[in-house]
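K.L.:
In full-length UniProt numbering, the protein residues as written are 1 to 425. For each residue, glycine too, the CB sits at the ideal point set by N, CA and C. Attaching a single structure in structure tokens format; questions to follow.
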Amino acid sequence: MTAYLITSVSIVGAAPTDLLIRDGVVAEVGPGLSAPDAVVVDGTGLVALPGLVDLHTHLREPGREDAETVESGSRAAALGGYTAVCAMANTSPVADTAGVVEQVWRLGREAGLVDVQPVGAVTVGLAGERLAELGAMADSAARVRIFSDDGHCVADPLLMRRALEYVKAFDGIIAQHAEEPRLTEGAQMHEGEVSTRLGLIGWPAVAEEAIIARDVLLAEHVGSRLHVCHVSTAGSVEVLRQAKARGVRVTAEVTPHHLLLTDERAETYDPVFKVNPPLRTADDIAALRSALADGVIDVIATDHAPHAVEDKECEWAYARPGMLGLETALSIALDVLGPEWDLIAERMSRTPARIAGLTGHGVDPAPGVPANLTVIDPAARRTIEPAELASRSRNTPYARMTLPGRIVATFLRGEPTVLDGKAVK
Ligand SMILES: NC(=O)N[C@@H](CC(=O)O)C(=O)O
Ligand SMILES: [Zn+2]
Ligand SMILES: [Zn+2]
Numbered sequence: 001m002t003a004y005l006i007t008s009v010s011i012v013g014a015a016p017t018d019l020l021i022r023d024g025v026v027a028e029v030g031p032g033l034s035a036p037d038a039v040v041v042d043g044t045g046l047v048a049l050p051g052l053v054d055l056h057t058h059l060r061e062p063g064r065e066d067a068e069t070v071e072s073g074s075r076a077a078a079l080g081g082y083t084a085v086c087a088m089a090n091t092s093p094v095a096d097t098a099g100v101v102e103q104v105w106r107l108g109r110e111a112g113l114v115d116v117q118p119v120g121a122v123t124v125g126l127a128g129e130r131l132a133e134l135g136a137m138a139d140s141a142a143r144v145r146i147f148s149d150d151g152h153c154v155a156d157p158l159l160m161r162r163a164l165e166y167v168k169a170f171d172g173i174i175a176q177h178a179e180e181p182r183l184t185e186g187a188q189m190h191e192g193e194v195s196t197r198l199g200l201i202g203w204p205a206v207a208e209e210a211i212i213a214r215d216v217l218l219a220e221h222v223g224s225r226l227h228v229c230h231v232s233t234a235g236s237v238e239v240l241r242q243a244k245a246r247g248v249r250v251t252a253e254v255t256p257h258h259l260l261l262t263d264e265r266a267e268t269y270d271p272v273f274k275v276n277p278p279l280r281t282a283d284d285i286a287a288l289r290s291a292l293a294d295g296v297i298d299v300i301a302t303d304h305a306p307h308a309v310e311d312k313e314c315e316w317a318y319a320r321p322g323m324l325g326l327e328t329a330l331s332i333a334l335d336v337l338g339p340e341w342d343l344i345a346e347r348m349s350r351t352p353a354r355i356a357g358l359t360g361h362g363v364d365p366a367p368g369v370p371a372n373l374t375v376i377d378p379a380a381r382r383t384i385e386p387a388e389l390a391s392r393s394r395n396t397p398y399a400r401m402t403l404p405g406r407i408v409a410t411f412l413r414g415e416p417t418v419l420d421g422k423a424v425k
């Protein structure tokens with residue numbers, strides 16, 4: 001195995017030092033290291049972080065390999081600085097059996113670019129009627145711990161209660177897509193001034209907040225772990241703040257796009273801005289940013305949702321919701337939070353790794369720890385060109401925007417997956 005010596009690199013914002021990677025682990029950290037056999041990476045001006053961990057990725061395989069595959073999504077992830085991603089279950093077939101989650105897990109191993117941790121469906125076929133084989137997925141080779149019907153809400157309170165009770169036995173977690181379906185029928189965008197002006201049916205904030213309020217009470221009642229996907233409103237933040245103050249075992253994520261973009265983007269009628277939950281208002285963004293800083297929101301997760309051209313380049317009402325995220329998340333975080341490296345490491349690596357139970361990930365580079373890390377050039381600026389992305393899809397909302405930061409290198413267990421800003425395989 002080739003050794004790598006990264007010189008004069010700042011580890012999570014600390015004073016520059018050298019970092020030697022050998023045999024899959026961080027072998028040494030300190031100034032003036034020498035390793036004649038190692039490939040040298042000049043880390044001057046660069047920052048090393050524990051490899052990013054995404055709790056919420058759609059890889060589309062099996063079923064929509066035209067939009068993304070485990071391999072293409074893994075490459076996009078590595079280029080974005082990720083070393084592990086949790087692959088959502090809304091594939092075709094749905095990942096609701098041990099067989100499908102093992103297939104996704106195996107494809108991830110074969111691609112070898114990031115650790116792909118499958119998420120299992122909560123209900124059979126995401127239909128919200130019967131619990132899926134949660135135990136069999138937990139016991140499978142994929143060792144599933146996170147279950148989600150993401151794309152759909154587990155709307156039936158009795159099913160949600162049973163799911164929360166079931167996963168307690170193996171310290172599992174239910175990740176809820178919080179959307180009361182009766183309040184969002186026909187919805188196209190955030191319900192507010194802009195939707196009124198555009199004449200589009202609105203998706204009210206209360207549709208999200210009502211489910212989160214119910215679910216934190218259920219989680220409290222059964223003493224189980226709840227995770228809330230893509231929190232998007234100021235009201236949701238308040239419900240979470242109160243639940244956490246009471247000691248409810250709830251964690252929450254926010255996406256990069258909900259930290260940056262508002263519902264005014266819909267004025268373009270460009271479906272690249274159509275997403276679930278919808279882009280909200282500037283006040284929501286302000287509340288989400290402060291919740292991320294104070295810890296009411298635990299994690300930034302991408303909700304990377306690739307869609308084929310025919311599903312996006314059409315009339316707004318017919319377009320599928322969702323946007324790409326893996327290759328731009330770190331840049332958006334840097335833009336929104338500034339060079340707060342410890343906070344970025346916490347929200348994008350350490351905490352998501354802990355929630356998902358991914359040992360070996362989310363650990364700061366130090367002697368003896370697995371070399372899962374990423375190296376960032378914070379001074380670089382890049383203009384996003386959809387055609388240059390590694391994803392098979394093109395639906396980035398940041399096309400032609402110039403964003404701060406560039407991933408220079410990513411290492412997975414000591415092997416580079418990205419070097420010099422390019423994917424190694
Ligand atoms: N976020 C989206 O708008 N779409 C996601 C599903 C989801 O995350 O709800 C998808 O799978 O395309
Ligand atoms: Zn969702
Ligand atoms: Zn999703």
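With distances taken Cα to Cα, identify the nearest neighbour of residue 442 among 171, 123, 127, 164.
P.N.:
Residue 442 lies beyond the residue range present for the chain, which begins at 1 and ends at 425; the question has no answer from this structure.
K.L.:
Using 10 angstroms around the beta-carbon of residue 31, count the other beta-carbons present and answer buried if the total reaches 16, otherwise exposed.
P.N.:
Reading the sequence shown from its first residue, position 31 is the one you call residue 31. That one is exposed.
K.L.:
So, with DSSP's three-state summary, where would you put residue 392?
P.N.:
Here residue 392 corresponds to residue number 392 of the sequence shown, with the count starting at 1. If DSSP states are grouped into helix, strand and coil, residue 392 belongs with coil.
K.L.:
Which residues are close to ligand 3, meaning CB closer than 5 Å to any heavy atom, in chain order?
P.N.:
With the cut-off at 5 Å, the residues found are 150, 303.
K.L.:
Does the Cβ of residue 321 lie closer than 7 Å to at least one heavy atom of ligand 1?
P.N.:
Within the sequence shown, numbered from 1, the residue matching residue 321 stands at position 321. Yes, since a heavy atom of ligand 1 falls inside the 7 Å radius drawn around the Cβ of residue 321.
K.L.:
At what residues does the beta strand (DSSP E) containing residue 56 begin and finish?
P.N.:
Here residue 56 corresponds to residue number 56 of the sequence shown, with the count starting at 1. Segment 52–57, the beta strand (DSSP E) holding residue 56.
K.L.:
For residue 60, report the span of its alpha helix (DSSP H) as first-last.
P.N.:
Numbered from its first residue, the sequence shown carries residue 60 at position 60. Note, residue 60: premise wrong, no alpha helix (DSSP H); not H, not E.
K.L.:
Please indicate yes or no: does the CB of residue 372 lie closer than 7 Å to some heavy atom of ligand 1?
P.N.:
Looking up residue 372 in the sequence shown gives position 372. Answer for residue 372: no, Cβ out of range of ligand 1.
K.L.:
For the putative contact between residue 51 and residue 414, defined by C-beta atoms under 8 Å, what is the C-beta separation to the nearest angstrom?
P.N.:
One-based indexing of the sequence shown puts residue 51 at position 51. One-based indexing of the sequence shown puts residue 414 at position 414. At roughly 11 Å, the Cβ-Cβ gap does not stay under 8 Å, so residue 51 and residue 414 are not in contact.
K.L.:
At a cut of 8 Å, does the segment 207–215 reach the segment 225–238 through at least three beta carbon pairs?
P.N.:
These segments touch.
K.L.:
Can you have a look at residue 426 and say buried or exposed, based on whether 16 or more other CB atoms are within 10 angstroms of its CB?
P.N.:
The structure shown has nothing for residue 426, since the chain only spans 1 to 425.
K.L.:
DSSP three-state label for residue 373, please.
P.N.:
The sequence position of residue 373 within the sequence shown is 373, counting from 1. Strand.
K.L.:
What does a CB cutoff of less than 8 Å around residue 423 pick up in its chain, not counting 5 residues either side in sequence?
P.N.:
As a position in the sequence shown, residue 423 is number 423, starting the count at 1. Same-chain partners within the cutoff: 75, 78, 79, 113, 390, 417.
K.L.:
Does DSSP classify residue 351 as helix, strand or coil?
P.N.:
Within the sequence shown, residue 351 is the residue found at index 351, counting from 1. Helix, per DSSP.
K.L.:
Could you check whether residue 226 and residue 161 sit closer than 8 Å to each other, using their CB atoms as the reference points?
P.N.:
Translated into the one-based positions of the sequence shown, residue 161 becomes position 161. Translated into the one-based positions of the sequence shown, residue 226 becomes position 226. Result no, Cβ atoms of residue 161 and residue 226 do not sit closer than 8 Å.
K.L.:
Could you compute how far the alpha carbon of residue 105 sits from the alpha carbon of residue 194?
P.N.:
Within the sequence shown, the letter at position 105 stands for residue 105. Within the sequence shown, the letter at position 194 stands for residue 194. Using only the alpha carbons, I get a separation of about 42 Å.
K.L.:
Is any heavy atom of ligand 2 found at a distance shorter than 7 Å from the C-beta of residue 395?
P.N.:
As a working mapping, residue 395 is identified with position 395 in the sequence shown. Residue 395: no, Cβ never under 7 Å from ligand 2.
K.L.:
Taking the beta carbon of residue 17 as the centre, do at least 16 other beta carbons fall within 10 Å, making it buried, or is it exposed?
P.N.:
Working through the sequence shown from its first residue, we reach residue 17 at position 17. Per the 10 Å Cβ criterion, buried.
K.L.:
Measure the alpha-carbon distance for residue 90 versus residue 154 and round it to whole angstroms.
P.N.:
Taking the sequence shown and counting its residues from 1, one reaches residue 90 at position 90. Taking the sequence shown and counting its residues from 1, one reaches residue 154 at position 154. So the two alpha carbons sit approximately 13 Å from each other.
K.L.:
Work out the CA separation of residue 175 and residue 150 for me, nearest whole Å.
P.N.:
Within the sequence shown, the letter at position 150 stands for residue 150. Within the sequence shown, the letter at position 175 stands for residue 175. Taking the straight line joining both Cα atoms gives about 8 Å.
K.L.:
Does the distance from the C-beta atom of residue 57 to that of residue 87 stay below 8 Å?
P.N.:
Position 57 of the sequence shown, counting from 1, holds the residue named residue 57. Position 87 of the sequence shown, counting from 1, holds the residue named residue 87. The answer is yes: Cβ separation under 8 Å.
K.L.:
Report the rounded CA-to-CA distance for residue 2 versus residue 41, giving the unit in angstroms.
P.N.:
In the sequence shown, counting from the first residue as 1, residue 2 sits at position 2. In the sequence shown, counting from the first residue as 1, residue 41 sits at position 41. So the alpha carbons of these two residues sit roughly 13 Å apart.
K.L.:
Rank 99, 110, 109, 116 by C-alpha distance to the C-alpha of residue 134 and give the top, closest one.
P.N.:
What you label residue 134 is simply residue 134 of the sequence shown in a count that begins at 1. Closest option to residue 134, Cα to Cα, is 99.
K.L.:
Provide the residue span of the beta strand (DSSP E) that contains residue 404, from first to last.
P.N.:
Within the sequence shown, the letter at position 404 stands for residue 404. Unbroken beta strand (DSSP E) run through residue 404: 402–412.
K.L.:
Let me know the secondary structure DSSP gives residue 109 once reduced to three states.
P.N.:
In the sequence shown, the residue the question calls residue 109 occupies position 109. Three-state DSSP puts residue 109 in a helix.
K.L.:
For ligand 2, is there a heavy atom less than 7 Å away from the beta-carbon of residue 229?
P.N.:
The count along the sequence shown starts at 1 and reaches residue 229 at position 229. Yes; taking the cut-off as 7 Å, the Cβ of residue 229 has a heavy atom of ligand 2 nearer than that.
K.L.:
Between which residues of its own chain and residue 184 is the CB-CB distance below 6 Å, once the five residues before and five after are set aside?
P.N.:
Position 184 of the sequence shown, counted from the first residue, corresponds to residue 184. Taken in chain order, the residues that qualify are 203, 207.
K.L.:
What are the boundary residues of the beta strand (DSSP E) that includes residue 117?
P.N.:
The count along the sequence shown starts at 1 and reaches residue 117 at position 117. Note, residue 117: beta strand (DSSP E), 115–118.
K.L.:
So residue 55 packs on residue 253, CB below 8 Å; how close in whole Å?
P.N.:
As a first step, residue 55 is located in the sequence shown; it is residue number 55 there, counting from the start. As a first step, residue 253 is located in the sequence shown; it is residue number 253 there, counting from the start. Indeed they touch by this definition, with Cβ atoms about 6 Å apart.
K.L.:
Measuring CB atoms only, is the segment 349–368 touching the segment 258–270, in the sense that at least three cross pairs come out at less than 8 Å?
P.N.:
Flag = no, the segment 349–368 and the segment 258–270 do not touch.
K.L.:
Consult DSSP for residue 34 and reduce its assignment to one of helix, strand or coil.
P.N.:
As a first step, residue 34 is located in the sequence shown; it is residue number 34 there, counting from the start. Residue state, collapsed to three classes: coil.
K.L.:
Return the chain-ordered list of same chain residues with a C-beta closer than 6 Å to the C-beta of residue 13, the five sequence neighbours on each side being excluded.
P.N.:
For the purposes of this step, residue 13 is taken as residue 13 along the sequence shown, with counting starting at 1. Cβ neighbours of residue 13 beyond the five flanking positions: 341.
K.L.:
Could you check the C-alpha separation between residue 394 and residue 268 for me, to the nearest Å?
P.N.:
Residue numbering aside, residue 394 sits at position 394 when the sequence shown is read from its first letter. Residue numbering aside, residue 268 sits at position 268 when the sequence shown is read from its first letter. Cα-Cα distance, rounded: 18 Å.
K.L.:
At the level of alpha carbons, what is the spacing between residue 272 and residue 314?
P.N.:
Position 272 of the sequence shown, counting from 1, holds the residue named residue 272. Position 314 of the sequence shown, counting from 1, holds the residue named residue 314. Whole-angstrom Cα-Cα distance: 10 Å.
K.L.:
Please name the residue or residues paired with residue 426 in a DSSP beta bridge.
P.N.:
This structure does not reach residue 426, given that the chain is present from 1 up to 425, and the question cannot be answered.
K.L.:
Using 10 angstroms around the beta-carbon of residue 251, count the other beta-carbons present and answer buried if the total reaches 16, otherwise exposed.
P.N.:
Walking along the sequence shown from the start, residue 251 turns up at place 251. When all chains shown are included, residue 251 counts as buried.
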